[in-house]
Amino acid sequence: MAKFVPDIKTQRWIVISQMRSGRPDDLRVPGEASKCPFCYGNEKMTPPEITRVGDGERDQPGWKIRVVPNKFPITDTHEVIIHSPDHEKDIEDFEVNQVQHLLTIYRERFLTYQTLGQVMIFSNHGEHAGASLRHPHSQLVLIPKQINLDALVREPIQNVIADNDFFVTYCPDFSQWPYEVWIAPKKEGTVFGDITDEEVKDLALILQSTLKRLKIKYAYPTIKNINTTGVFAYNFYISHAKNWFIRIIPRLVHRAGFELGTGLSVNTVDPSIASQELKSIEV
Numbered sequence: 001m002a003k004f005v006p007d008i009k010t011q012r013w014i015v016i017s018q019m020r021s022g023r024p025d026d027l028r029v030p031g032e033a034s035k036c037p038f039c040y041g042n043e044k045m046t047p048p049e050i051t052r053v054g055d056g057e058r059d060q061p062g063w064k065i066r067v068v069p070n071k072f073p074i075t076d077t078h079e080v081i082i083h084s085p086d087h088e089k090d091i092e093d094f095e096v097n098q099v100q101h102l103l104t105i106y107r108e109r110f111l112t113y114q115t116l117g118q119v120m121i122f123s124n125h126g127e128h129a130g131a132s133l134r135h136p137h138s139q140l141v142l143i144p145k146q147i148n149l150d151a152l153v154r155e156p157i158q159n160v161i162a163d164n165d166f167f168v169t170y171c172p173d174f175s176q177w178p179y180e181v182w183i184a185p186k187k188e189g190t191v192f193g194d195i196t197d198e199e200v201k202d203l204a205l206i207l208q209s210t211l212k213r214l215k216i217k218y219a220y221p222t223i224k225n226i227n228t229t230g231v232f233a234y235n236f237y238i239s240h241a242k243n244w245f246i247r248i249i250p251r252l253v254h255r256a257g258f259e260l261g262t263g264l265s266v267n268t269v270d271p272s273i274a275s276q277e278l279k280s281i282e283v
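Going by UniProt numbering, 42 is the number at position 42 of the sequence shown; the sequence numbering is gapless.
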C-alpha cells in the first residue's frame, strides 16, 4: 500500500511505494517479444483485464488496446494502457484511427475516476524517459484529493507551432526542457474528460504530428551534449486539472547537480527558436 509523506515546511509530498522496486526492465536487457507481457498472445501474463478496444473475450487475443492493473503500482489505483499489439510502433507511427481509439480510452478511464481523486495519465517512451518495458504503453494513477500536487498550470500561448479547429501546439516561454511542446485546447475552463468525439479526432491528428516533428528533431539535433541512443525518448502527461493541456518533453538532456540543488531548470534552446525549428519540419 502506498504511503504519502509531506514536507511540513514546503507542503510538498513524496510517495513511498516499495512495490515499484520489483518492476521488470527489458530495455537494459532486451528480451524477445514472445516474453513481453504486453504483446499479442501473452494476455495471461498480465493481471486480469479491466477493459479493451477491439474484439475477443477478456484476457484473450482480438484486442487493439488493453487496460490492465499495474503489477507494481505507485498508488492504490494504477492502471497500464497498452497502446497496441505491436511491440515497437507507438503514437507517432500508428494509423490515426488507432490514436483516436487510444485518446477515447484515456477519456473513459479519466471519467471513471475523476470524482474519486486526481487522475494523472502519462506515458514514458524509451529508457531515458523512465520506461521499464519497451512495448509502448501509458499509465493512469489516481492520487487522493487531499494531496497537494506541485503541478504546472496552463502556460500562455506563445511560440505557436501549429493549430487546428480545437487545439494549438506551442513552446511556452516557461519551457524547462529543450524542444518542450504543449498542446492546449482552444476552449477554456474544461477538464480532459470533457473532450468530445469531434475534439478527439483533432487531438489525435495534432498529437501525432507533434510527435513526428519531435522524432525528426531527436534524430537530427541542433544542440550539443545531447543524450540520445538512437531511440526516440520522451514523456508526456495530461494535466489533471481545469484548463487542461498535454505536455510533451523530449528527453535530450539529463538534469544534474545545479538543477537538483536549486530547483531551477536550465533550458539550452530558446523556446522561440525551438518553435520555429519544429514548425519548419514537414510531416
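Just so you know, even glycine gets a beta-carbon here, dropped at the ideal spot from N, CA and C.
Residues of its chain near residue 118, where Cβ-Cβ distance is below 6 Å and the 5 sequence neighbours each way are ignored: Hits under 6 Å: 143 and 240.
message: Could you tell me the alpha carbon to alpha carbon distance between residue 39 and residue 214, rounded to whole angstroms?
response: Rounded to whole angstroms, residue 39 to residue 214 spans 26 Å at the Cα level.
- prompt: Beta-carbon separation of residue 301 and residue 49 under 8 Å?
  reply: Here the chain has residues from 1 to 283 only, and residue 301 is not among them.
query: So who's on the other strand from residue 282, going by DSSP bridges?
result: Paired residues: none, contrary to the question.
- request: Could you tell me which residues DSSP pairs with residue 125 in its beta bridges?
  value: Residue 125 is bridged by DSSP to 234.
field: Rounded separation between residue 268 and residue 275 - CA only
entry: Straight-line Cα distance between these residues: approximately 14 Å.
field: Contact set for residue 189: own chain, Cβ-Cβ below 7 Å, skip 5 residues either direction
entry: Counting only Cβ-Cβ distances below 7 Å, and skipping sequence neighbours, we find 242 and 243.
message: So, with DSSP's three-state summary, where would you put residue 272?
response: Of the three classes helix, strand and coil, the one that applies to residue 272 here is helix, per DSSP.
- prompt: Going by the CB atoms, is the gap between residue 234 and residue 125 shorter than 8 Å?
  reply: Contact: yes.
message: Please identify the residue among 103, 3 and 76 whose C-alpha is closest to the C-alpha of residue 205.
response: Taking only the C-alpha atoms, the option nearest residue 205 is 103.
task: Evaluate the contact criterion for the stretch 172-187 versus the stretch 68-82: three or more CB pairs, one atom per stretch, below 8 Å.
output: Segment contact: the stretch 172-187 against the stretch 68-82, fewer than three CB-CB distances shorter than 8 Å; contact not assigned.
- prompt: The alpha helix (DSSP H) spanning residue 208 covers which residue range?
  reply: Here the alpha helix (DSSP H) through residue 208 covers 197-219.
query: Contact between the stretch 140-158 and the stretch 105-121: three or more CB pairs below 8 Å?
result: Touching, per the Cβ criterion.
query: Looking at the structure shown, is residue 4 part of a helix, part of a strand, or coil, going by DSSP?
result: Here residue 4 sits in strand by DSSP.
- request: Report the partner residues of residue 248 according to the DSSP bridge assignment.
  value: Listed as beta-bridge partners of residue 248 by DSSP are 181 and 236.
message: How far does the beta strand (DSSP E) with residue 257 in it extend, from its first residue to its last?
response: Annotation for residue 257: no beta strand (DSSP E) segment contains it, though the alpha helix (DSSP H) segment containing it runs 257-262.
message: Assuming residue 147 is part of the beta strand (DSSP E), what are its boundary residues?
response: Looking at the DSSP string, residue 147 is not in any beta strand (DSSP E), and its letter there is neither H nor E.
- prompt: Which value, in whole angstroms, describes the spacing of the CA atoms of residue 56 and residue 107?
  reply: If I take the Cα positions, the gap works out to 22 Å.
- request: Quick one: using the 10 Å Cβ neighbour count with 16 as the cut-off for buried, is residue 8 buried or exposed?
  value: The residue in question, residue 8, is exposed, as its Cβ has fewer than 16 Cβ neighbours within 10 Å.
task: Look at residue 181 and residue 169 and say whether their C-beta atoms are less than 8 Å apart.
output: Closer than 8 Å, so yes.
task: Under 8 Å by Cβ, that's how I've got residue 246 and residue 278 pegged, so tell me the actual separation to the nearest angstrom.
output: That pair is no contact at about 15 Å.
Proximity winner among 61, 177 and 90, relative to residue 259 (alpha-carbon distances): It is 177.
- prompt: In the stretch 32-76, which residue ranges form an unbroken alpha helix (DSSP H) of at least 4 residues, counting only runs that do not cross its ends?
  reply: Listed in chain order, nothing qualifies, since the stretch 32-76 has no complete alpha helix (DSSP H) run of 4 or more residues.
field: Buried or exposed by the 16-neighbour rule on C-beta atoms within 10 Å, applied to residue 128
entry: Of the other Cβ atoms in all chains shown, 16 or more fall within 10 Å of the Cβ of residue 128; this residue is therefore buried.
message: Suppose the cutoff is 6 Å on Cβ atoms and the five residues either side in sequence are ignored; what does the same chain contact list for residue 109 look like?
response: Around residue 109, the same chain offers 140 as residues with beta carbons nearer than 6 Å, after the five sequence neighbours per side are excluded.
task: For residue 84, count neighbouring Cβ atoms within 10 angstroms of its own Cβ and tell me buried if that reaches 16, exposed if not.
output: Of the residues assessed, residue 84 falls on the buried side of the cut-off, its CB having 16 or more other CB atoms within 10 angstroms.
message: Which residue marks the beginning of the beta strand (DSSP E) containing residue 169, and which one marks its end?
response: Segment 167-170, the beta strand (DSSP E) holding residue 169.
- prompt: When the Cα of residue 70 is compared with those of 111, 82, 281 and 60, which residue comes out closest?
  reply: Ranking 111, 82, 281 and 60 by Cα distance to residue 70 puts 82 first.
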